[in-house]
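Report on one structure; see the data block that follows.
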């Protein structure tokens, strides 16, 4: 259970930062796909870890459910108190749309890719060269 929480919280932090970056994308100078890389790698690591399907879904649920709330907190930190609720609500609404449209399919695909690589390594299909 600790592994699920650790991987879920790690992926949630990456997902929240990506949601916050997408909400504040007019202030960023990097391409829009760059915040997706740490999230995809975190979920790939979950699949590569070899968890059971129930634990993978638990990790995905932790990371996807908590990310919009954490993203709203990140974005509303530098905002004045009078506008904090409006900004937080807007970020939560935007983050929920991003989570449903982008991060849910990315989560499933990344976890399945990690599990496929682990299966290929264990099955002997994929081998690393020995030195």
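Residue numbers (the numbering used here): 303 to 433. Where a beta carbon is used, it is the ideal one built from N, C-alpha and C, also for glycine.
What residue range is occupied by the uninterrupted alpha helix (DSSP H) comprising residue i?
i           : result
residue 328 : Residue 328 -> no alpha helix (DSSP H), and no H or E assigned at all.
residue 354 : First-last for residue 354: undefined, no H or E at that position.
Taking its Cβ as the centre, do 16 or more other Cβ atoms sit within 10 Å of residue i, making it buried, or is it exposed?
i           : result
residue 416 : buried
residue 341 : buried
residue 309 : buried
residue 303 : exposed
residue 406 : exposed
residue 388 : exposed
residue 400 : buried
residue 428 : exposed
residue 324 : buried
residue 345 : buried
residue 379 : exposed
Report the CB separation of residue i from residue j in whole angstroms; it is logged as a contact under 8 Å.
i           : j           : result
residue 371 : residue 394 : 7 Å
residue 338 : residue 414 : So it is not a contact: roughly 16 Å between Cβ atoms.
residue 326 : residue 369 : With 8 Å as the limit, residue 326 and residue 369 do not qualify as a contact, their Cβ atoms being about 15 Å apart.
residue 312 : residue 420 : At roughly 18 Å, the Cβ-Cβ gap does not stay under 8 Å, so residue 312 and residue 420 are not in contact.
residue 377 : residue 322 : 5 Å
residue 305 : residue 360 : Going by Cβ atoms, the distance from residue 305 to residue 360 rounds to 10 Å, so no, they are not a contact pair.
residue 373 : residue 397 : 5 Å
residue 314 : residue 392 : The Cβ separation is near 20 Å, so there is no contact.
Length at least 4, wholly inside the segment 369 to 410: the alpha helix (DSSP H) runs in chain order: 386 to 400
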